[in-house]
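Heads up, the thing below is written out as structure tokens.
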Amino acid sequence: MSRTPPIRRSARSRADACGCVTPRNPTPSLRIAPPPTDNLLGGLWGGGEAHRSPPGADGAPPVDTVGSVTGAEKSPSPSDPDTRTDAQLAGDLVTGAGEMAARMLRAGLTVDEKTSISDVVSDADKAAEQWIVDELARVRPDDGVVGEEGAAAPGRRTWIIDPVDGTYNFVSGLPAWCSALGLVDGDELLLGAVYQQTTGELWVGGPGHPTTLNGVPVPPVQDAELATISIATYLHPARLAEDAVREPILAAIGGAASVRIIGSGSIELAAVSAGRLGVWFHLDTLSWDWLPGAALITAAGGVVDVFHHNGHRYHMAGPPTAVAQVKRAVLAVGS
Numbered sequence: 001m002s003r004t005p006p007i008r009r010s011a012r013s014r015a016d017a018c019g020c021v022t023p024r025n026p027t028p029s030l031r032i033a034p035p036p037t038d039n040l041l042g043g044l045w046g047g048g049e050a051h052r053s054p055p056g057a058d059g060a061p062p063v064d065t066v067g068s069v070t071g072a073e074k075s076p077s078p079s080d081p082d083t084r085t086d087a088q089l090a091g092d093l094v095t096g097a098g099e100m101a102a103r104m105l106r107a108g109l110t111v112d113e114k115t116s117i118s119d120v121v122s123d124a125d126k127a128a129e130q131w132i133v134d135e136l137a138r139v140r141p142d143d144g145v146v147g148e149e150g151a152a153a154p155g156r157r158t159w160i161i162d163p164v165d166g167t168y169n170f171v172s173g174l175p176a177w178c179s180a181l182g183l184v185d186g187d188e189l190l191l192g193a194v195y196q197q198t199t200g201e202l203w204v205g206g207p208g209h210p211t212t213l214n215g216v217p218v219p220p221v222q223d224a225e226l227a228t229i230s231i232a233t234y235l236h237p238a239r240l241a242e243d244a245v246r247e248p249i250l251a252a253i254g255g256a257a258s259v260r261i262i263g264s265g266s267i268e269l270a271a272v273s274a275g276r277l278g279v280w281f282h283l284d285t286l287s288w289d290w291l292p293g294a295a296l297i298t299a300a301g302g303v304v305d306v307f308h309h310n311g312h313r314y315h316m317a318g319p320p321t322a323v324a325q326v327k328r329a330v331l332a333v334g335s
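Under the UniProt record's numbering, the very last position in the sequence shown is 335; numbers go up by exactly one each time.
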């Protein structure tokens with residue numbers, strides 16, 4: 001197993017549990033050095049400057065971070081017709097973005113904090129998002145985009161882009177990160193795609209396209225009581241001091257058989273669609289963390305629910321009975 005690339009943070013940040021260290025001479029950005037080997041731990045609304053990274057140690061082609069992968073994976077000519085379905089296209093886009101991010105991680109990345117020490121963005125996030133945007137402009141010119149890293153354009157339909165979901169895991173050398181896409185038409189969720197590069201797993205699903213994992217249909221989501229299954233969520237330490245946040249979360253997760261926090265909403269939702277996790281529950285989540293995986297769960301026979309309570313918005317997805325039980329637990333707090 002390769003060693004995790006070191007992460008150096010600015011002087012205003014504390015060393016954290018993943019072993020990050022504070023440099024003596026802080027700089028505005030963080031620099032992740034390449035790992036010593038080529039192994040990568042197998043396994044709605046808001047890019048970056050153009051540069052070219054060197055080929056990976058495995059001989060992968062260089063990456064033009066504001067265009068497509070060059071060399072063997074170069075995009076077709078704009079004049080070439082694109083006959084892929086939306087599902088095929090979504091799978092290709094998340095796979096391409098994930099592979100690009102992995103190569104850039106091997107080459108070394110610059111990482112910046114966004115809102116906190118645990119909310120970070122890397123060059124790979126920006127480059128992968130721009131590549132997806134450029135590809136969509138070429139093959140779906142009438143569609144709009146919304147990306148986590150700032151892409152925004154109106155269109156007939158809208159692609160929701162999360163180029164690297166689980167960036168904190170990604171830059172820390174953990175395998176739980178993915179690239180994710182959702183496609184919406186007005187209020188209708190049409191499609192979701194999630195690619196976890198470290199495991200080589202690609203989920204695609206939506207209305208008219210039952211959820212598949214690497215091309216094989218997943219078993220239907222089985223109904224279950226909350227007490228018999230796991231619940232996946234996220235607990236932000238800074239918000240646990242707020243009673244209105246902490247108490248509903250504790251009420252919801254307290255009824256489950258087990259609690260799992262993976263650090264990538266799309267991976268967790270994909271895992272629910274495949275029966276690996278029981279139910280998903282999250283507070284005030286964003287569209288790119290929610291819609292791709294929500295499409296997978298509904299296309300696998302599960303249910304989704306979004307509701308407001310005491311000034312917060314709650315998202316949940318999974319078996320009908322468990323989702324209803326989580327909702328009742330939340331609504332019982334502060335009512």
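No residue lacks a Cβ here, since even glycine has one placed at the ideal position from N, Cα and C. Fair warning: this is a prediction, and the values are worked out from it, not measured in the lab.
Three-state secondary structure (DSSP) of residue i
i: Ser179; result: strand
i: Pro163; result: strand
i: Leu291; result: helix
i: Ser264; result: coil
i: Glu149; result: coil
i: Arg156; result: coil
i: Gly42; result: Here the model assigns Gly42 a pLDDT of 27, short of 50, so the residue's position is not dependable and the matter cannot be decided.
i: Arg313; result: strand
i: Tyr195; result: strand
i: Asp185; result: strand
i: Pro141; result: coil
i: Ala329; result: helix
i: Glu225; result: coil
Residue i classed as buried or exposed, judged by whether at least 16 other C-beta atoms fall within 10 angstroms
i: Lys74; result: In this prediction, Lys74 scores a pLDDT of 43, lower than 50, which makes its location untrustworthy; no coordinate-derived value is stated.
i: Val323; result: buried
i: Asp82; result: exposed
i: Val204; result: buried
i: Asp86; result: buried
i: Thr298; result: buried
i: Pro163; result: buried
i: Gly71; result: Caution applies to Gly71, whose pLDDT of 31 falls short of 50 and renders its modelled position unreliable; the value that the coordinates give is listed next. Exposed: under 16 other Cβ atoms inside 10 Å.
i: residue 345; result: Nothing in the structure corresponds to residue 345, since the chain is present only between 1 and 335.
i: Pro217; result: exposed
i: Gly91; result: buried
Proximity of residue i and residue j at Cβ, strictly below 8 Å
i: Ser179; j: Gly293; result: no
i: Leu189; j: Trp159; result: no
i: Ser264; j: Ala128; result: no
i: Val221; j: Ser273; result: yes
i: Phe307; j: Thr233; result: no
i: Val145; j: Ile161; result: yes
i: Leu89; j: Val139; result: yes
i: Leu269; j: Leu296; result: yes
i: His309; j: Leu291; result: no
Whole-angstrom C-beta distance between residue j and residue i, which should lie under 8 Å
i: Val333; j: Glu247; result: 5 Å
i: residue 344; j: Ala193; result: Absent from the model: residue 344. The displayed extent of the chain is 1 to 335, so no value can be given.
i: Asp142; j: Gly150; result: That belief does not hold up - the Cβ atoms of Asp142 and Gly150 are roughly 21 Å apart, past 8 Å.
The region 118-136 contacting the region 158-174, beta-carbon criterion three pairs below 8 Å:
yes
With a cut-off of 8 Å, do at least 3 Cβ pairs link the region 255-267 to the region 228-243?
Using a Cβ-Cβ distance cut-off of 8 Å, the region 255-267 and the region 228-243 are in contact, since at least three pairs of beta carbons, one from each stretch, lie closer than that value.
At a cut of 8 Å, does the region 190-200 reach the region 89-109 through at least three beta carbon pairs?
In short, these stretches touch, since the Cβ pair count reaches three.
For the pair the region 273-288 and the region 309-318, tell me if three or more CB-CB distances fall below 8 Å.
Three or more Cβ pairs drawn from the region 273-288 and the region 309-318 lie within less than 8 Å of each other, which places the two stretches in contact.
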